[in-house]
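Visitor: One structure coming up, written as structure tokens, with questions to follow.
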Amino acid sequence: MEIENLIKDNQGTIVDVRSFAEYSGGHVAGSINIVLNDIPARMEEIKALKMPLILCCASGNRSGQAQQYLAQQGIECYNGGSWMDVNYYQSKK
1 MEIENLIKDN QGTIVDVRSF AEYSGGHVAG SINIVLNDIP ARMEEIKALK
51 MPLILCCASG NRSGQAQQYL AQQGIECYNG GSWMDVNYYQ SKK
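First residue of the sequence shown? That's 1 in the UniProt record's numbering, and the numbers climb one at a time after it.
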């Protein structure tokens, strides 16, 4: 399924992997912040989230790294790219 449709249909959970300071400066409404480097330590919490995960960051680089790691752990997830893009898709609901 296309990421845009997942977001518009309110499927899954939007996870922002930027730093807390970046997230505090602006983020997608309803998203949660799990910093990229904290993902391995927070796997139990991540497994309990509504799937699939739509990952975002500033440019798509860190969310791509998170997507690769989480997919290896068996987590259904997608790289949504920039949080601004994800925010735009959500605004089209």
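Ideal placement from N, C-alpha and C gives every residue a C-beta, glycine not left out.
Bear in mind that the values here come from a model prediction, so they are computed numbers and not experimental data.
Determine the extent of the beta strand (DSSP E) in which isoleucine 54 is found, giving its start and end residues.
Guide: 53–57
Visitor: According to DSSP, is serine 31 part of a helix, a strand, or is it coil?
Guide: coil
Visitor: Return the CA-CA distance between glutamate 44 and glycine 60, expressed in angstroms with no decimal places.
Guide: When rounded, the distance between both Cα atoms is 24 Å.
Visitor: Taking only three categories from DSSP, how would you classify serine 82?
Guide: strand
Visitor: Buried or exposed, going by whether 16 or more other CB atoms sit within 10 Å of the CB of serine 91?
Guide: exposed
Visitor: If you compare alpha carbons, which of Met84, Pro52 and Asp38 is closest to leucine 6?
Guide: Comparing Cα positions, the closest option is Pro52.
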